[in-house]
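Below you'll find the structure, written out as C-alpha cells, and then a few comments.
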Amino acid sequence: MHTKKKTRVWGKTNFTEKHKRKKNNPPPYPGEGRVGKTINERPQLTFGTSGDKGSLFSERGCFPKVRFLSFAHRAKMAGKPETATAEYWTDRWKKGKTDWHREEVHNILFKYVDELTGGRSNLRVFLPLCGKSVDMLWLADQGHNVVGVELAKQAIESFFTENNLTFKVESVKMTASGEPAEVYKCNEKNITIFCCDLYTFEEEDAGGKFDAIWDRGSLSAIVPSANGKRYTKKMHSLLASDGNYMLESHYYEIDRGNRPPASISNELRNEIYGEDFTIKELYVDRLGEDPNRSLSFALDLHYHMFKPKEN
Ligand SMILES: C[S@@+](CC[C@H](N)C(=O)[O-])C[C@H]1O[C@@H](n2cnc3c(N)ncnc32)[C@H](O)[C@@H]1O
66 MHTKKKTRVW GKTNFTEKHK RKKNNPPPYP GEGRVGKTIN ERPQLTFGTS GDKGSLFSER
126 GCFPKVRFLS FAHRAKMAGK PETATAEYWT DRWKKGKTDW HREEVHNILF KYVDELTGGR
186 SNLRVFLPLC GKSVDMLWLA DQGHNVVGVE LAKQAIESFF TENNLTFKVE SVKMTASGEP
246 AEVYKCNEKN ITIFCCDLYT FEEEDAGGKF DAIWDRGSLS AIVPSANGKR YTKKMHSLLA
306 SDGNYMLESH YYEIDRGNRP PASISNELRN EIYGEDFTIK ELYVDRLGED PNRSLSFALD
366 LHYHMFKPKE N
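Written as C-alpha cells, this is what we have:
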C-alpha cells in the first residue's frame, strides 16, 4: 500500500487550493512576500546586493543608500515586519498565520524523550516560546511538570480551549523587569504558561531551574544571527547543571533575510552554544524540494542535545 510520507516542517503537508493558487509564486514562509519579487504590482525592497532587482540601492546603481542602517530600520523601510518583535508574532496569531503548529506530538520528542529526561520522571520541563504546542500536553501526561513561555495571549488561551482544559490566571511581578505578567495554570494537568517576553523570564519566576528544555521553533524564531548568544545564555541560566536541552533547527541555503524559521549552520550553532554547552548531534532529517510544503525548498532539520558546561 502506498503511504504518503508526513513531515514535520513548518507548513502544510497537503496540496490545497491555496497551494495550487500560489504554485507559481509560493511564499517561502506563509503570509509573507517573496524576496525580490513584487507584491500587488509594487516593487518590493529587499536586503539584497546591488545586483538584485528592487534592492535598497540607488537607481543609478552606484552607491548603497542604506548600507549602515539597522535591521529594524531596513525592515521598516522595506515594508516588512521586524520578525523579532511582539507585534510581528501577535499579528501572526491574530491573522491565523501559524503554519508551524502541529496537531500531533513531535516524533523526535517521542524518539528521544528518554535521552532528554535521562529516564527520570516528575521533571521540570521547559518549552520556551511554546505557542500552543501539544508537546506540552504529552509531556505532562508522562508525569512531568511543564512550564512554557509565550508572549501571545491568544496562543495560550487557544492551547487550553483546543485541548478541553480549564485554567486560572494569576498576575505576578516579574523579577527582572518588575512588570506584571499573567501566569496561566492548568486545572487538570501540571502545565503552567507565562505570558511574557522570554528575556524577562528568570529562574526565580520559574520557581527554580529546569531539568529539561525542549526547543522546537524557538531559537529559529528569535533571529539567532543577531540574538543567538543572548538566547543561549538565557537557556543556560534556566537549566540545571545535570539537565538536558534538545533543539530542532533548520538548515537551508537560500537567503530569506531574517524571516523565521532561521537557517542555522553548524558554525553558528557552535558559536552561540559552544561556550556554555557541550553539543551532541542526534539526527538529521534531509528534506528535498517539495511544492506541497510552504517551505518548498530543500532543507535539513537538525536535532541536537546540549548539556550545560560548568562555567
Ligand atoms: C514559531 S512559533 C513556535 C511555537 C511552538 N514552539 C511550536 O513548536 O508550535 C514561535 C512562538 O514564539 C512566540 N514568541 C516569539 N518571540 C517571543 C518572545 N521573545 N518571548 C515569548 N514568546 C515569543 C510567538 O508568539 C510564537 O508563538
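Per the numbering used here, the very first residue in the sequence shown carries number 66; after that it's consecutive.
The beta-carbon is built from N, C-alpha and C at its ideal position, and this holds for glycine as well.
Bear in mind that the values here come from a model prediction, so they are computed numbers and not experimental data.
- May I ask which residues mark the beginning and end of the beta strand (DSSP E) holding residue 335? Per DSSP, residue 335 belongs to no beta strand (DSSP E); it is in the alpha helix (DSSP H), 331 to 338.
- Item | Assigned secondary structure, residue 366 (DSSP; H/G/I helix, E/B strand, else coil) | strand
- residue 193 versus 267, 158, 366, residue with shortest Cα-Cα distance: 267
- Query: Closest by CA to residue 262, which one among 237, 204, 214?
  - Reply: 214
- Message: I want to know whether the stretch 169 to 187 touches the stretch 231 to 245 - three or more CB-CB distances under 8 Å.
- Response: no
- Check whether the Cβ atoms of residue 285 and residue 325 lie closer than 7 Å to each other. Against a cut-off of 7 Å, the Cβ pair of residue 325 and residue 285 comes out as a contact.
- Would you tell me roughly how many angstroms separate the C-alpha atoms of residue 319 and residue 355, rounded to the nearest one? 15 Å
- Query: For the stretch 301 to 311 against the stretch 327 to 334, are there 3 or more C-beta pairs whose distance is under 8 Å?
  - Reply: They do not touch, by the three-pair rule.
- Item | Straight-line Cα distance separating residue 346 from residue 363 | 20 Å
- Task: Pull up the distance between the alpha-carbon of residue 327 and that of residue 209, whole angstroms please.
- Result: Straight across, the Cα-Cα distance linking residue 327 with residue 209 is about 30 Å.
- Query: Can you give the Cα-Cα distance for residue 315 and residue 358, rounded to whole angstroms?
  - Reply: 14 Å
- Query: Between residue 321 and ligand 1, is the CB less than 6 Å from at least one heavy atom?
  - Reply: no
- Message: So, with DSSP's three-state summary, where would you put residue 352?
- Response: strand
- Item | Three-state secondary structure (DSSP) of residue 321 | In this structure, residue 321 counts as coil in the three-state DSSP scheme.
- Close Cβ partners of residue 168 (< 8 Å) along its chain, the five nearest in sequence each way excluded: 199
- Which ranges does the alpha helix (DSSP H) cover as unbroken runs of at least 4 residues, wholly within the stretch 163 to 208, from first to last along the chain? Taking only runs of at least 4 residues, the alpha helix (DSSP H) segments lying wholly in the stretch 163 to 208 are 172 to 182, 200 to 206.
- Run through the stretch 282 to 308 for me and flag every whole alpha helix (DSSP H) of 4 or more residues, listed as ranges in chain order. 289 to 303
- Item | Spatially closest choice to residue 217 from 352, 300, 248, 254, by CA coordinates | 248
- Task: Go ahead and pull the three-state DSSP assignment for residue 235.
- Result: strand
- State the beta-bridge partners of residue 346 as determined by DSSP. 369
- Message: In the DSSP output, which residue or residues are listed as bridge partners for residue 259?
- Response: 214, 248
- Message: Helix, strand or coil for residue 341? Go by DSSP, reduced to three states.
- Response: Looking at residue 341 - three-state DSSP - the assignment turns out to be coil, as it is neither helix nor strand.
- Task: Measure the C-alpha to C-alpha separation of residue 293 and residue 287 and round it to an integer number of angstroms.
- Result: 8 Å
- Task: For the alpha helix (DSSP H) containing residue 160, list its first residue and its last residue.
- Result: 151 to 160
- residue 358 CB to nearest heavy atom of ligand 1 below 6 Å: no
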